[in-house]
Amino acid sequence: RTDRTYKTDKTDKTYKTYKTDMTNILQKILFAFIAIVIAGEAFTHRLHAANPVVYLDVQTPVFVNQQFAVRILIDAPVPLNAFSAVLRYPGDYLEFIRVNDGRSLINVWQSQPVLLADGEISFTGGGLTPFQGAGGELLTIYFKALRPGIADITFPSVAAYITDGKGTQVIPDTKRTSV
4 RTDRTYKTDK TDKTYKTYKT DMTNILQKIL FAFIAIVIAG EAFTHRLHAA NPVVYLDVQT
64 PVFVNQQFAV RILIDAPVPL NAFSAVLRYP GDYLEFIRVN DGRSLINVWQ SQPVLLADGE
124 ISFTGGGLTP FQGAGGELLT IYFKALRPGI ADITFPSVAA YITDGKGTQV IPDTKRTSV
């Protein structure tokens, strides 16, 4: 306020008004600072909050006694260079035939794709080139449909690692698929 004259005498009323005005200004500045920090943190959190998503692309339609391909894909909002997963499928509906890693982001295998038990396939590996984007192929698995019905394919375990030099693990979201 430009219409006030402030005296420095602490007993004068104008000093008390000056002190009150300065306190109000400092409180407003502090409030604005806190609001900016919170908004910035929320914005930054939103940028990093998006998880990778692992999902399946299934060749359709599927018929009994027919082989079909199931591609394991990942959408990565941040650069990733290592992956680990266990895929589960109903062994009474689907028969595992083979794996194709020819188009895989993974070119260094810690654990080649392996059939763990009837109905589970596990793999772990990394890529020399980080992947960031949509539709990165981790693996293609071929199955044979054994009988009519709905077969749910899920991921009981999946992890990805950010290319940050620290081995930061992220747990991707997964999409359940039925064939």
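Numbering of the sequence shown is given in this note's numbering, commencing with residue 4 and proceeding in unit increments. We put the CB at the ideal spot given by N, CA and C, even for glycine.
List the whole-angstrom C-beta distance separating Ala53 from Gln135, where the pair is believed to meet the contact cut-off of C-beta under 8 Å.
For this step, residue 53 is matched to residue 50 along the sequence shown. For this step, residue 135 is matched to residue 132 along the sequence shown. With 8 Å as the limit, Ala53 and Gln135 do not qualify as a contact, their Cβ atoms being about 11 Å apart.
State the beta-bridge partners of Arg91 as determined by DSSP.
Position 88 of the sequence shown, counted from the start, is the residue given in the question as residue 91. Glu123 and Thr157.
Beta-carbon proximity list for Val173, same chain, < 7 Å, skipping 5 on both sides
As a working note, residue 173 is residue 170 in the sequence shown. Closer than 7 Å at the Cβ level, and outside the excluded window around Val173, lie Asn54, Pro55, Ala163 and Ile165.
Going by other Cβ atoms of all chains shown within 10 Å of its Cβ, with 16 needed for buried, is Lys169 buried or exposed?
Taking the sequence shown and counting its residues from 1, the one referred to as residue 169 is at position 166. Exposed is the call here.
Can you say whether Asn84 is buried or exposed, counting buried as having 16 or more other CB atoms within 10 angstroms of its CB?
Indexing the sequence shown from 1 puts residue 84 at position 81. Buried is the call here.
Round the Cβ separation of Phe146 and Phe71 to the nearest angstrom and send it over; I've been treating them as touching at under 8 Å.
Numbered from its first residue, the sequence shown carries residue 146 at position 143. Numbered from its first residue, the sequence shown carries residue 71 at position 68. Their Cβ separation, rounded to whole angstroms, is 6 Å, which keeps Phe146 and Phe71 in contact under 8 Å.
Does the pairing of the segment 117 to 126 with the segment 93 to 107 give three or more beta-carbon distances under 8 Å?
yes
Per-residue DSSP class, three states only, for Lys147:
Translated into positions along the sequence shown, residue 147 becomes position 144. DSSP places Lys147 in strand when its eight states are reduced to three.
Reference Ser87, options Ser114, Pro64 and Asn110, closest by Cα:
Taking the sequence shown and counting its residues from 1, the one referred to as residue 87 is at position 84. For the residues Ser114, Pro64 and Asn110, the minimum Cα distance to Ser87 belongs to Ser114.
Taking a contact to mean a Cβ-Cβ separation below 8 Å, would you say Val161 touches Thr177 in this structure?
Within the sequence shown, residue 161 is the residue found at index 158, counting from 1. Within the sequence shown, residue 177 is the residue found at index 174, counting from 1. Yes, the pair counts as a contact, with Cβ atoms nearer than the cut-off.
Please list, in chain order, all residues of the same chain as Pro159 whose beta carbon is under 7 Å from its beta carbon, the five residues on each side excluded.
Counted from its first residue, the sequence shown places residue 159 at position 156. Counting only Cβ-Cβ distances below 7 Å, and skipping sequence neighbours, we find Val89 and Arg91.
Measure the C-alpha to C-alpha separation of Gly94 and Thr132 and round it to an integer number of angstroms.
For the purposes of this step, residue 94 is identified with residue 91 of the sequence shown, where counting begins at 1. For the purposes of this step, residue 132 is identified with residue 129 of the sequence shown, where counting begins at 1. Spanning the two alpha carbons is a distance of roughly 34 Å.
For Leu118, name the three-state secondary structure that DSSP assigns.
Stepping through the sequence shown from its first residue, residue 118 is reached at position 115. Correct three-state label for Leu118: strand.
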